[in-house]
Structures are given as C-alpha cells and as structure tokens.
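First the structure, in the form of structure tokens, and then the observations on it.
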Amino acid sequence: MNRQERPDMIRLEGLGKVFAMAGEDENTGSGGTVEILKSIDLRIRPGEFVALQGTSGSGKSTLLHIIGLLDRATSGRYYLDGADVSTLDDNALSDLRNQRLGFVFQSFYLIPYATALDNVLLPGMYADRSQAELRRRAASLLERVGLGDRMRFKPTRLSGGQQQRVAMARAMLNDPDVILADEPTGQLDSQTSAEILELFTEINAAGTTIILVTHDEATAAAAQRVIRLHDGRVVEAEPI
1 MNRQERPDMI
11 RLEGLGKVFA
21 MAGEDENTGS
31 GGTVEILKSI
41 DLRIRPGEFV
51 ALQGTSGSGK
61 STLLHIIGLL
71 DRATSGRYYL
81 DGADVSTLDD
91 NALSDLRNQR
101 LGFVFQSFYL
111 IPYATALDNV
121 LLPGMYADRS
131 QAELRRRAAS
141 LLERVGLGDR
151 MRFKPTRLSG
161 GQQQRVAMAR
171 AMLNDPDVIL
181 ADEPTGQLDS
191 QTSAEILELF
201 TEINAAGTTI
211 ILVTHDEATA
221 AAAQRVIRLH
231 DGRVVEAEPI
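UniProt numbering numbers the first residue of the sequence shown as 1 and each following residue consecutively.
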C-alpha cells in the first residue's frame, strides 16, 4: 500500500477535552470545569511533517498529549492509521504508544546516571527484540545523530543540543510511525535549534510522520504544513 492509498495517520473527529478545576463552587459544590479542546477535526497524512502552533494556553500541548496516547479526550474520536483508539484500555494504549510512537520533549528527560547508549535503549525494555539487536540499533542511531563518539557519555557531559540528539535517537529506537515533539528547541540557541530541525527533516524524509508543537514562527517554518490553534480550536490549517 503506497502513501496515497493508506488511511490518514492521524484523524480526529470532534475531539474535546475538559479538565476538572480544583476548589469548590458555592452553587454546585464542585470546582467546575474548563474546556481545553473544543471539537477538534484534524487529518494528518502518513509521512507529513506538521507543526502545531499557538500561544500559551491554546491547547496545543494537550492536543499533542492526546495524539501521543499520554492522555484521553473527553469526547470525540481518534483514529491512528485507520484504527479507532478512543475506547482502548490503558494496557492496549501503552502497547500502542511503545510500538508506534516516539517522543521528544523540551526538557530531554534523560536519566542522569545512565550513558547516552543506555538512555536510547530505554524504550526497548518492552520490545519483542533481543538485547543484542537493540544495542546495535541504539548505537547505529547515535551514529546517525552525530554522537557516535559520545555513546558512553552521561548527560552531564553533553551539551543541550547533544542531549536533545540523544532524546531523538531514543524516540527512533522502536522505529515508530510517528514522532511527537513538544517544543524540542525551546532550551536551545538558534544555531543548535537549526541543527535539530534539520535532523527532524532528515527523519521525516525517511518516511516518519513528525508532529511538532511550537509557539515560534521560525521553528514552525521547518514543517511542511502548519496548524494553528487558539482557545482550544483549530483556527487555521494549511490544506493537505
């Protein structure tokens, strides 16, 4: 099945998210609710590089977490590669997340006492592959992101850009269909940010779908398509 024949990699229909608020309302006795996402309809094709852009509080990170199966929507439907994942239980979501999705975050989330190689190996803990195979792949990925000579280094001996490269290699260990990145250049200088975005472009060129959250116009410009959110709604989406 070629890219044109495949279903959307991500399809959201009427997706909503409501959070309960702390405190107590004098009329209801509860803290009330706040609507974070409001009837989101969205399609992302296989192999696209998409940026989700919006100001703080627009709902972009919440949307990314739902797409990444780290959170659940309150309403609506979510289809991943044609399969409805809206009603799956936590164990099924965990398996799907580990097998099909990779994550890159602003804060890297590396284990400080583990080497770069061991950090990359973390998603392989529950993979149905031998340790020898996983170690070969992890080493190959570190070579790919330009850290072949830093495999035995711990995060404290790596620059911010190098730590983010380790995080990107970790995200690719299980060969995911989609990589989700939440402000991945937020802690980096402009030159290092450009290098990281170029690496995302290379990963995307190999066929991986990339969904990148940013508030920054220059970062969003690296994507093939920009989807803008405001107040929990998609207010602008470039055509597929």
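Built from N, CA and C at the ideal position, the CB exists for glycine as well.
- For glutamine 187, there is no enclosing alpha helix (DSSP H), since its DSSP letter is neither H nor E.
- By the Cβ rule, the region 108-118 does not count as touching the region 45-63, because fewer than three pairs are nearer than 8 Å.
- Per DSSP, alanine 114 is not a residue of any alpha helix (DSSP H), being assigned neither H nor E.
- Taking C-beta atoms as the reference points, alanine 237 and leucine 212 fail to come closer than 9 Å.
- Under the 8 Å Cβ criterion, the region 148-157 does not count as touching the region 177-192, having fewer than three qualifying pairs.
- For glutamate 13, the beta-bridge partners assigned by DSSP are Arg77.
- Closest in C-alpha terms to proline 123, from the list Gly146, Gln99, Glu133 and Leu141, comes Gln99.
- Annotation: the continuous beta strand (DSSP E) that includes alanine 237 extends over 233-237.
- Here DSSP, grouped into helix, strand and coil, assigns glutamate 35 to strand.
- Between the region 32-47 and the region 63-80, the count of C-beta pairs closer than 8 Å reaches three or more; the two stretches touch.
- Secondary structure of leucine 69 (DSSP, three-state): coil.
- According to the DSSP secondary-structure assignment, phenylalanine 49 is paired through a beta bridge with Ile210.
- Counting only runs of 4 or more residues that sit fully inside the region 109-187, the alpha helix (DSSP H) segments are 116-121, 131-144 and 160-172, in chain order.
- Here DSSP, grouped into helix, strand and coil, assigns leucine 42 to strand.
- The criterion of a C-beta distance shorter than 9 Å is satisfied by glycine 232 and glycine 59.
- By the neighbour-count definition (other C-beta atoms within 10 Å, threshold 16), threonine 87 is an exposed residue.
- Distance from the CA atom of serine 94 to the CA atom of valine 85, rounded to whole angstroms, is 11 Å.
- Per DSSP, reduced to three states, the secondary structure at alanine 22 is coil, with no helix or strand assignment.
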